[in-house]
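Asker:
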Amino acid sequence: MDQGAASPQETAAFGADVLAQLRALAGPVFEALAASGAAICVSDPRQSGAPIVFVNAAFEDLTGYDKAELIGYSARILLSDSTDANVVTEVEKSLETHKSARADLQLRRENGRSFWCRMAVSTIADADGRSVFQLASLVDITTERLDPDLPAELQKARQDLKAAKERVRVTRAVAGAAGAWEWDLAAGVLVADARFAALYGLDPVLAAAGLPAKAFYDPIHPDDLLRMKIAIAGVKNGAEVFVRDYRVVSEDGAIRWVSARGRTWLDDDDRPARLSGVLADITDQKRAEERLRIAQSAGGVGTFEYLSGFGTVEVSEQFCRLLGLNPAESLPVRTINSLVHPDDPPLVGQWGDPASEFQTLRILRADDGQERWLTVRGEHHAHNATGAVSFTGVIYDVTDAKLAETRLRVLTETLEENIVERTQERDRIWNLSRDLLFVASAQGRFTAVNPAWSMLTDDVDSLLGTIVTALIHPDEAEAARAQLRGTTQDGGSGDFDCRMKDATGAWRWISWTISSDGGALYGAGRDVTQRRVLEDQLRQAQKMEAVGQLTGGIAHDFNNMLTGILGGIEMVRKRLQTGRTEDAERFLNTAAQSGERAAALTHRLLAFSRRQTLDTRATDVGALVASMSDLMSRTMGEQVKIETSIPDDLWPGAADANQLESAILNLAINARDAMPAGGRLAITVANRVLRAEALDPAEAIAPGDYVEVSVSDTGVGMPPAVIAKVFEPFYTTKPLGQGTGLGLSMIYGFMQQLKGAVRISSIEGRGTTVRLLIPRHLGQAQAEPVKTLAAPQGQGETVLVVEDDPAVRLLVLQVLEELGYRAIEAAAADEALPRLEGVEAIDLMVTDVGLPGMNGRQLADLARQGRPDLPVLFITGYAHAAADDGLALEPGMQVITKPFNIDELGRRIEAMISAR
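Each residue of the sequence shown is one higher than the last, beginning at 1013 in my numbering.
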């Protein structure tokens, strides 16, 4: 009576198979149900909505529905508005627990009229005890309901008559196919027909007259007797349906399989009164099932048949092979049994021995003496005509299974021993570990801690139930809570360091590793306080060492450069004092070259620290490399052969041309130094597309289009240990005084500023290749402007110069004067503001960024409040001013980096004033 309904289309898909299954389960009783005068309905609870799969004619007469209108629909179509829903619910609950149910219900016929019925519903189970059908019988009690004063005798007589007719009908329906019986449960009397008596080996006359209930049990096989007694006890306790297969043994010892199907009839008090049913012989069916099971077993099955009284056994070819014998149609019994292990029973046993029908034994093969395990299965057959008894069976090799069983047993024993050992090891680690170990609940409260926690508290047990983060320093508590919460929710693992107060009140650093299985939280913490102290000391030592290396290298280089500058100036002074000016220009050029070298060194330092101002623009990298050919030829010397490869379709790169030229020249010089005896220098420029899946996660570069500059040499190469350090600052393989160790560091910083990358590969004895990856510029490359000397172009325009360094301020003022501009000066922002706030016309402001007090950018912002269109040229020695000091250039603003070329300064000033 489940809810829902399957459609007729759905029912058609399984109806035939379901009905066939019902027939198989009910056996001969199925026909009795179909012909019964009681209204019978069977539904299938396994299908959605438990659709009706069978109704008999009496059910159609009672409800007025045709069978076609019921099959495939839920029995709920019979419910009416007057039906008690609570009663229906109680019936459904009983069926869900596989219990029988009885109830009086008001239902609706096909014509819409209501009627009262007494319904009994029970489940039908298959051989495995699973509920597969629900059987309901309905009795019309409308008259009883409408007139409750009807004599009880009339009702009883009607029930008795109906029951008698039903028993007669069932008995006639199965006549000739099965035996019928009726068991008076109260009187303990069994009445059976001739067919039943023949199957049980009973006297048919006595069986028809009535026998004690003991006659039902006596012929049952001993192995099935207890099971059958339990089944009958279930009937006496209220089970309505009786379905069992079992064996009976005749007086001559023959064993037959029978199938009993029956149902219980109740008395006036609804107690089981009679059990009636049918009994069918299914021996042939059982034998066929066994033969089929044997035939479906894995290959390598040997068959044999032994007839009692004979000294030979009929065998198959595979039987002989399993025993290591030559194929034969028959073998002596003694030959077969002689191959069986002495400690095992004979393969061909004595008739009547139940153990001989199924056993596993060892044999020693006749051909190689190898011990193998065989399983013997079969059954005895009594031949009534001759009185002979035969045994038909099979054998198959189960050695592998036996060996696996042995290995499994040994493995289990070993595993148990290992578990004990591991548990003891775990306990020892837990108790002896100096690390802090804990187990916490999902809510973050300690449930177990090891003795090592005594370093933090004198009472370790007091920690149980405490929140884990309660002991953590406030500065790390929130981060620790987030880590613990995330680990618990995700079921993964995590690491974090935090401070915890020890028993003396001091804070100690603990490094934690935690994990969670989605429930409990596990943690292991190690005291790293001393390590932290040592790391701080090491960092300080490394910092001081780095500073020492930096100052030593720079001091050495700057001393050389200052010598050239000061020496050149001193020589010019001496020449001027004596009136000799013919060599003055040579000494001035020497001083200028030394100054340019000093500027280049500061640029490398700034690039290393990523503070160098970059003039990033679309750059024709190929043209830049080609323009360096003469310079590199002079630098490399005659022993180094230079090769370049530049494609015609090269993309423009986003780079600072001057810095890129310096980087390529630096790599070329390194390559030359790696080839003291000469060699080949190859510079290749190409387009490269980097895809995300091919990138190294450790390399900070985005996928996309790049221009690659590759510098390769055939020099001495480098070992992996050197390659790992080449980008470290101050690291150099050159002798003291020949390198600062900043060249490759500068290139690395330069490429990082460009958001590109530098890659290096080298093989000892074969050379080195360095690749610069420059981001592609989507615009067109700009031609480098032709550098010409600045000519005075000013028309008396006013330029405000704000510079705190007198030498630099004087230089700028002189340049402005020579260009024909009117210059006014200020040493700081507070000196410049009155000029800017006045009415005097100012055509350009040149200001240092790093002014004392208010910086240059702040001064420019104030100046533009009153003079919105005022051009501003910033002078700076750091690129970090653009980021750290907020130097975001606006229209009409430019920047020039110290030290600068006087001509370049003049061109910038001229261009900015002209652009107004």
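Just so it is clear, CB atoms sit at the ideal spot from N, CA and C, and this is done for glycine as well.
Residue range of the beta strand (DSSP E) that GLN1079 falls in?
Answerer: Stepping through the sequence shown from its first residue, residue 1079 is reached at position 67. Before going on, a small fix: residue 1079 reads as Lys here, not Gln. That residue, LYS1079, is in no beta strand (DSSP E); its alpha helix (DSSP H) goes 1079 to 1082.
Asker: Within 10 Å of its beta-carbon, does ALA1738 have 16 or more other beta-carbons around it, so buried, or fewer, so exposed?
Answerer: Within the sequence shown, numbered from 1, the residue matching residue 1738 stands at position 726. Sequence inspection shows Val at residue 1738; the Ala mentioned does not correspond to that position. Classification of VAL1738: buried, given that the 10 Å Cβ count is 16 or more.
Asker: Could you pull out every unbroken beta strand (DSSP E) segment of at least 3 residues lying fully inside the stretch 1090 to 1126, listed in chain order?
Answerer: Here the runs fully enclosed are 1113 to 1120.
Asker: Give the secondary structure of GLY1498 by DSSP, where H, G and I count as helix, E and B as strand, and everything else as coil.
Answerer: For this step, residue 1498 is matched to residue 486 along the sequence shown. Reduced to three states, the DSSP call for GLY1498 is helix.
Asker: Please tell me whether LEU1812 and LEU1845 are closer than 8 angstroms, where the distance is taken between their beta carbons.
Answerer: To locate residue 1812, count along the sequence shown from 1; it is residue 800. To locate residue 1845, count along the sequence shown from 1; it is residue 833. No, Cβ-Cβ distance for LEU1812 and LEU1845 is not below 8 angstroms.
Asker: Quick one, which of GLU1673, ARG1700, ALA1714 and GLN1651 has its alpha-carbon nearest ALA1689's?
Answerer: Counted from its first residue, the sequence shown places residue 1689 at position 677. Minimum Cα distance to ALA1689 is reached at GLN1651.
Asker: Among all the DSSP beta bridges, which residues are the ones paired with ARG1434?
Answerer: Here residue 1434 refers to the residue found at position 422 when the sequence shown is read from its first residue. In the DSSP output, where bridge partners are listed per residue, ARG1434 has none listed.
Asker: Among residues of its own chain, excluding the 5 on either side of ASP1529, which ones have a beta-carbon nearer than 7 angstroms to its beta-carbon?
Answerer: For the purposes of this step, residue 1529 is taken as the residue at position 517 of the sequence shown. Counting only Cβ-Cβ distances below 7 angstroms, and skipping sequence neighbours, we find GLY1503.
Asker: Could you please give the first and the last residue of the uninterrupted alpha helix (DSSP H) stretch that includes TYR1212?
Answerer: Counting from 1 along the sequence shown, the entry for residue 1212 is found at position 200. Taken as a continuous stretch (DSSP letters only), the alpha helix (DSSP H) holding TYR1212 covers 1206 to 1212.
Asker: Just mark THR1500 as buried or exposed, buried being the case when its beta carbon has 16 or more other beta carbons within 10 Å.
Answerer: Numbered from 1 along the sequence shown, position 488 holds the residue referred to as residue 1500. Counting Cβ neighbours within 10 Å, THR1500 comes out buried, since at least 16 surround it.
Asker: I'd like to confirm the pairing. Which residues does DSSP put opposite GLY1265 in its beta bridges?
Answerer: Here residue 1265 refers to the residue found at position 253 of the sequence shown. Partner(s): none; GLY1265 has no beta bridge.
Asker: Measure the C-alpha to C-alpha separation of ARG1130 and ALA1038 and round it to an integer number of angstroms.
Answerer: Your numbering for residue 1130 matches position 118 in the sequence shown. Your numbering for residue 1038 matches position 26 in the sequence shown. The alpha-carbon atoms of ARG1130 and ALA1038 are separated by roughly 23 angstroms.
Asker: ILE1786 to ASN1682, Cα distance in whole Å?
Answerer: Taking the first residue of the sequence shown as 1, we reach residue 1786 at position 774. Taking the first residue of the sequence shown as 1, we reach residue 1682 at position 670. Straight-line Cα distance between these residues: approximately 20 angstroms.
Asker: At a cut of 8 angstroms, does the stretch 1273 to 1288 reach the stretch 1197 to 1213 through at least three beta carbon pairs?
Answerer: Contact holds: three or more Cβ-Cβ distances are below 8 angstroms.
Asker: Pull up the distance between the alpha-carbon of LEU1031 and that of THR1101, whole angstroms please.
Answerer: As a working note, residue 1031 is residue 19 in the sequence shown. As a working note, residue 1101 is residue 89 in the sequence shown. Each residue's alpha carbon lies about 27 angstroms from the other.
Asker: The beta strand (DSSP E) that contains ASP1685, what's its start and end?
Answerer: Position 673 of the sequence shown holds residue 1685. Run containing ASP1685: none in the beta strand (DSSP E); it sits in the alpha helix (DSSP H), 1669 to 1685.
Asker: Use the C-beta contact count for SER1645: other C-beta atoms within 10 angstroms, 16 or more gives buried, fewer gives exposed.
Answerer: Mapped onto the sequence shown, residue 1645 falls at position 633. By the neighbour-count rule (16 or more Cβ atoms within 10 Å), SER1645 is not buried but exposed.
Asker: So, at 7 angstroms on beta carbons, what are the nonlocal neighbours of ALA1803 in its own chain, with the 5 sequence-adjacent residues on each side left out?
Answerer: By one-based count along the sequence shown, residue 1803 stands at place 791. For ALA1803, the pLDDT reaches just 47, beneath the cut-off of 50, and the residue's location in the model is therefore unreliable, although a value from the coordinates is still provided. Excluding residues within five positions, none has a Cβ falling inside 7 angstroms.
Asker: Go ahead and pull the three-state DSSP assignment for GLN1906.
Answerer: Taking the first residue of the sequence shown as 1, we reach residue 1906 at position 894. Strand.
Asker: Report yes or no: do the stretch 1090 to 1101 and the stretch 1062 to 1073 share at least 3 C-beta pairs separated by less than 8 angstroms?
Answerer: Contact fails: fewer than three Cβ-Cβ distances are below 8 angstroms.
Asker: Can you find the residues in the same chain that come closer than 8 angstroms, C-beta to C-beta, to GLY1716, ignoring five residues on each side of it along the sequence?
Answerer: Looking up residue 1716 in the sequence shown gives position 704. Result list for GLY1716: VAL1701, LEU1702, PRO1787 and ARG1788, in chain order.
Asker: Check each candidate in LEU1351, ALA1272, SER1639 and THR1276 and name the one with the smallest Cα separation from VAL999.
Answerer: Here the chain has residues from 1013 to 1928 only, and residue 999 is not among them.
Asker: Do the stretch 1387 to 1395 and the stretch 1332 to 1349 touch if we need at least three Cβ pairs shorter than 8 angstroms?
Answerer: The answer is no - the stretch 1332 to 1349 does not touch the stretch 1387 to 1395, with fewer than three Cβ pairs under 8 angstroms.
Asker: Closer than 7 angstroms: is that where the CB of LYS1910 sits relative to any heavy atom of the ligand NAP?
Answerer: Only the bare structure without any ligand can be found here, which leaves the ligand NAP out of the picture.
Asker: Look up TRP1524 in the DSSP assignment and say whether it is helix, strand or coil.
Answerer: Reading the sequence shown from its first residue, position 512 is the one you call residue 1524. In this structure, TRP1524 counts as strand in the three-state DSSP scheme.
Asker: Over the uninterrupted beta strand (DSSP E) stretch that includes PRO1787, give me the two end residues.
Answerer: Locating residue 1787 in the sequence shown gives position 775, counting from the first residue. Start and end: 1779 to 1787.
Asker: Among residues of its own chain, excluding the 5 on either side of GLN1330, which ones have a beta-carbon nearer than 7 angstroms to its beta-carbon?
Answerer: Residue mapping note: residue 1330 aligns to position 318 of the sequence shown, counting from 1. Same-chain partners within the cutoff: GLY1312, VAL1313 and GLY1314.
Asker: Tell me, which residues are paired with PHE1254 by DSSP?
Answerer: In the sequence shown, the residue the question calls residue 1254 occupies position 242. According to DSSP, PHE1254 bridges with GLY1274.
Asker: Using a 10 Å radius around the Cβ and a threshold of 16 neighbouring Cβ atoms, would you call TRP1519 buried or exposed?
Answerer: For this step, residue 1519 is matched to residue 507 along the sequence shown. Counting Cβ neighbours within 10 Å, TRP1519 comes out exposed, since fewer than 16 surround it.
Asker: Taking the CB atoms as reference points, tell me whether ALA1070 and ILE1052 lie closer together than 8 angstroms.
Answerer: Reading the sequence shown from its first residue, position 58 is the one you call residue 1070. Reading the sequence shown from its first residue, position 40 is the one you call residue 1052. Cβ atoms of ALA1070 and ILE1052: closer than 8 angstroms.
Asker: Which residue or residues does DSSP assign as beta-bridge partners of ILE1775?
Answerer: Sequence index remark: in the sequence shown, residue 1775 carries index 763 (1-based). According to DSSP, which records beta bridges pairwise, ILE1775 is partnered with GLY1779.
Asker: Could you compute how far the alpha carbon of ILE1232 sits from the alpha carbon of SER1143?
Answerer: For the purposes of this step, residue 1232 is taken as residue 220 along the sequence shown, with counting starting at 1. For the purposes of this step, residue 1143 is taken as residue 131 along the sequence shown, with counting starting at 1. Distance between the alpha carbons of ILE1232 and SER1143: 27 angstroms.
Asker: Quick one: what does DSSP say ARG1629 is sitting in, helix, strand or coil?
Answerer: Walking along the sequence shown from the start, residue 1629 turns up at place 617. Of the three classes helix, strand and coil, the one that applies to ARG1629 here is strand, per DSSP.
Asker: Here's a check: name, in chain order, each residue in its chain whose Cβ is nearer than 7 angstroms to the Cβ of ASP1896, leaving out the five neighbours to either side.
Answerer: For the purposes of this step, residue 1896 is identified with residue 884 of the sequence shown, where counting begins at 1. The predicted position of ASP1896 is uncertain, since its pLDDT is 39 and thus under 50; a value taken from the coordinates is nonetheless stated next. No residues qualify anywhere along the chain.
Asker: Report the residue from GLY1918, ARG1879 and THR1781 whose alpha carbon sits nearest the alpha carbon of GLU1829.
Answerer: Here residue 1829 refers to the residue found at position 817 of the sequence shown. Taking only the C-alpha atoms, the option nearest GLU1829 is GLY1918.
Asker: Quick one: Cα of THR1372 to Cα of PHE1316, how far?
Answerer: Your numbering for residue 1372 matches position 360 in the sequence shown. Your numbering for residue 1316 matches position 304 in the sequence shown. Using only the alpha carbons, I get a separation of about 16 angstroms.
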